[in-house]
Amino acid sequence: MSVVWRPSWKIVTVNYHGIRIRVLFDEKTKLYACPLCFKGTQEGSFYFDVDSLIQHMVSHVR
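Numbering of the sequence shown is given in the numbering used here, commencing with residue 49 and proceeding in unit increments.
Here it is in structure tokens:
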């Protein structure tokens with residue numbers, strides 16, 4: 049079984065301790081897409097809050 053949704057992406061700027069990052073935000077599901085993983089398809093890493101997104105992005109550089 050698979051789950052499919054038609055996202056309504058919007059580019060938003062998140063501020064994390066003074067660092068501003070532009071990311072995609074789905075207005076329907078309230079998910080943030082990792083800008084390092086997301087390639088414009090349904091595949092990627094998605095997060096419900098900015099803290100989780102930032103922690104994931106930090107893992108890319110470790």
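Idealized CB from N, CA, C, for every residue including glycine.
Under the three-state reduction of DSSP, valine 106 is assigned to helix. Annotated three-state conformation of leucine 79 is strand, per DSSP. Residue range 67-74 is occupied by the beta strand (DSSP E) that includes phenylalanine 73. Counting along the chain, valine 62 sits inside the beta strand (DSSP E) bounded by residues 57-64. Under a 10 Å Cβ-count criterion, isoleucine 67 is classified as exposed, with fewer than 16 other Cβ atoms of the shown protein chains found around its own Cβ.
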